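Data first, discussion second: the structure below is written as structure tokens.
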Amino acid sequence: RGGMRDKIARACGSHLDYLGGYAYIVGTLKERTCTAAMLELVQAERGNSVDFLPECLDTTCTHIPVPVEAVKAVTGLQRRTMNALEEETGTLTFWAAAGIDGGAAGGDVTPIMG
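Oh and the sequence shown: position 89 is 94 in the working numbering, straight run, nothing missing.
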């Protein structure tokens with residue numbers, strides 16, 4: 006869990022820690038709002054895909070259409086390529102089906118990077 010906590014905090018520019026069953030977020034209002042929204046996404050995701058994007062993340066996320074046939078190449082073996090990309094860029098990626106909050110058209114899926 007510490008790895009995901011660190012990724013969320015880095016992507017949002019906040020400090021995030023867990024104590025008991027609570028998450029404590031330190032940062033500006035925008036950083037805290039972003040962090041809370043990312044936590045919501047992580048808790049709601051199903052198999053690394055999301056079916057909604059909180060409104061407060063619209064301006065901080067990038068949608069990149071990826072043809073379904075290319076998903077394995079983009080993610081890499083056991084998600085290694087995507088994990089390396091997240092580490093290098095300080096982002097988190099979530100996959101959305103076509104048409105989800107600005108997602109790709111047709112049969113594409115979209116990694117949402119925030």
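Every residue gets a Cβ at the ideal spot worked out from N, C-alpha and C, and that includes glycine.
Since the model is a prediction, treat every value here as computed from it, not as a measurement.
**Asked** Going along the chain, which residues of its own chain have a beta-carbon closer than 6 Å to the beta-carbon of Met-9, five neighbours each way excluded?
**Response** To locate residue 9, count along the sequence shown from 1; it is residue 4. None.
**Collapsed DSSP secondary structure at Ile-69 in the structure displayed** = As a position in the sequence shown, residue 69 is number 64, starting the count at 1. Ile-69: coil per DSSP, three-state reduction.
**Request:** Taking all protein chains shown into account, decide if Thr-40 is buried (16 or more other Cβ within 10 angstroms of its Cβ) or exposed.
**Result:** In the sequence shown, the residue the question calls residue 40 occupies position 35. With 16 or more other Cβ atoms within 10 Å, it is buried.
**Request:** Note down, in chain order, each residue of its chain lying with its Cβ closer than 7 Å to the Cβ of Ala-89, except the 5 sequence neighbours on either side.
**Result:** As a position in the sequence shown, residue 89 is number 84, starting the count at 1. Cβ neighbours of Ala-89 beyond the five flanking positions: none.
**Item:** Rounded C-alpha distance that separates Ala-42 from Cys-61
**Value:** In the sequence shown, residue 42 corresponds to position 37, counting from 1. In the sequence shown, residue 61 corresponds to position 56, counting from 1. If you take the alpha carbons of Ala-42 and Cys-61, they lie about 7 Å apart.
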